[in-house]
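Trainee: Here it is, the structure, as structure tokens.
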Amino acid sequence: MGVPVVRIRVLVVDDHRIFAESLAAALAAEPDVDVSAAGSGPAALRCLERAAAEGRGYDVMLVDAELGILAPAGGRGATGPVAVPDRPAGGGPQADGISLVAGVRANRPSVRTVVLAEKDDPRRAALALQAGACGWVAKDCSLQRLLAVIRGVLRDETHLPPALLTGVLREMLADRKHRSESEQLVESLTPREREVLRCMVAGLGRKAVAERLFLSPHTVRTHMQNVLGKLGVHSTLAAVALARRAGVGPADPQADQEPGQVAGLGDVVERGSQLA
7 MGVPVVRIRV LVVDDHRIFA ESLAAALAAE PDVDVSAAGS GPAALRCLER AAAEGRGYDV
67 MLVDAELGIL APAGGRGATG PVAVPDRPAG GGPQADGISL VAGVRANRPS VRTVVLAEKD
127 DPRRAALALQ AGACGWVAKD CSLQRLLAVI RGVLRDETHL PPALLTGVLR EMLADRKHRS
187 ESEQLVESLT PREREVLRCM VAGLGRKAVA ERLFLSPHTV RTHMQNVLGK LGVHSTLAAV
247 ALARRAGVGP ADPQADQEPG QVAGLGDVVE RGSQLA
């Protein structure tokens with residue numbers, strides 16, 4: 007009796023149907039690879055959920071770096087071992103590849119992700135790694151190279167083209183510098199101003215912040231203006247972005263709040279323009 011072959015389950019996610027089907031067919035010819043394909047981020051998530059529910063989750067997901075950015079018209083799924091699910095009705099926007107990587111990393115950390123790119127882009131490659139990708143591979147690489155990457159990420163290896171390494175390290179160091187600068191700005195705030203900032207990160211409006219911190223709306227407005235000034239920004243949205251870079255988490259939006267008092271992103275943007 008022969009030794010059972012340990013099969014690798016691969017999901018190809020690309021909105022260029024011909025490329026997705028061709029790549030999936032090439033991978034399916036390998037004796038130890040099972041492969042499917044999805045034509046959009048939502049379709050990929052459905053594939054992952056269905057496979058997990060059936061107890062046969064995917065091991066590796068190959069994601070188009072430009073997924074959903076230039077989405078051509080979709081088509082019916084292919085027959086045989088490859089299936090490219092339809093796009094969402096109405097041709098609505100899809101999550102880009104890096105956003106999909108981050109979502110899968112957060113919800114299905116056992117799935118290794120590799121980004122497939124038409125061109126080397128140090129900035130996007132750095133973002134992909136920060137989002138949880140295990141590798142960045144050119145779409146025109148050889149099948150053997152891609153298979154080596156697939157097997158490598160299952161051994162917890164990280165794969166980058168050598169020509170990209172310096173640029174990716176530079177981008178990641180720059181991001182670290184920006185985070186450090188943001189942290190220093192946040193440290194300049196008083197304890198009360200940091201509380202107000204956390205409420206801003208949570209999307210709370212001025213009235214809700216006032217009730218939460220037992221302050222008058224006028225005092226809250228003053229604190230918010232001081233926060234914007236010390237952080238060197240001109241809107242609430244920019245303050246929230248800077249706070250996030252510095253690792254500032256949101257105040258619990260449900261604590262001491264009545265239903266309907268938590269503001270949405272549109273409210274945050276509007277309040278930011280009012281405070282500018």
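Under the working numbering, think of the first position of the sequence shown as 7, with each following residue one higher.
We put the CB at the ideal spot given by N, CA and C, even for glycine.
(1) Measuring CB atoms only, is the region 117-133 touching the region 145-157, in the sense that at least three cross pairs come out at less than 8 Å?
(2) Over the uninterrupted alpha helix (DSSP H) stretch that includes ALA216, give me the two end residues.
(3) Can you check DSSP and say which residues form a bridge with VAL143?
(4) If you draw a straight line from the C-alpha of VAL66 to the C-alpha of LYS236, how long is it?
(5) Roughly how many whole angstroms lie between the Cα atoms of ALA26 and ALA132?
(6) Between which two residues does the beta strand (DSSP E) holding ALA44 run?
(7) Any idea if GLY45 is buried or exposed, counting beta-carbon neighbours within 10 angstroms, 16 or more meaning buried?
(8) Can you name, in chain order, every residue of its own chain whose Cβ lies under 7 Å from the Cβ of GLY158, other than the five neighbours on each side?
(9) Going by DSSP in three states, HIS22 sits in which element: helix, strand or coil?
(10) On the criterion of 16 or more Cβ atoms from any shown chain inside 10 Å, does GLY141 qualify as buried, or is it exposed?
(11) Thinking LEU170 and ASP126 are a contact (beta carbons under 8 Å), I'd like their distance in whole angstroms, please.
(12) One question on the structure: do GLY255 and VAL207 come within less than 8 Å of each other, judged by their Cβ atoms?
(13) Only counting the same chain, and skipping five residues up and downstream in sequence, which positions put a Cβ closer than 7 Å to that of HIS229?
(14) What do you get for ILE104, buried or exposed, if any count of 16 or more other CB atoms within 10 angstroms of its CB means buried?
(15) Tell me the DSSP secondary structure of VAL107 in three-state form.
(16) When we look at the beta-carbon of LEU175 and count the other beta-carbons within 10 Å, is it buried (16 or more) or exposed?
(17) Closest to LEU160 by C-alpha separation, out of VAL41, ALA108, TYR64, would be which residue?
Mentor: Reading off the structure:
(1) yes
(2) ALA216 -> alpha helix (DSSP H) spans 212-219.
(3) LEU122
(4) 45 Å
(5) 24 Å
(6) 39-44
(7) Buried, since its Cβ has 16 or more Cβ neighbours within 10 Å.
(8) The residues are HIS165.
(9) coil
(10) GLY141 should be labelled buried.
(11) 5 Å
(12) Yes. Within cutoff.
(13) ARG198, GLU199, VAL202
(14) Of the residues assessed, ILE104 falls on the buried side of the cut-off, its CB having 16 or more other CB atoms within 10 angstroms.
(15) helix
(16) exposed
(17) TYR64
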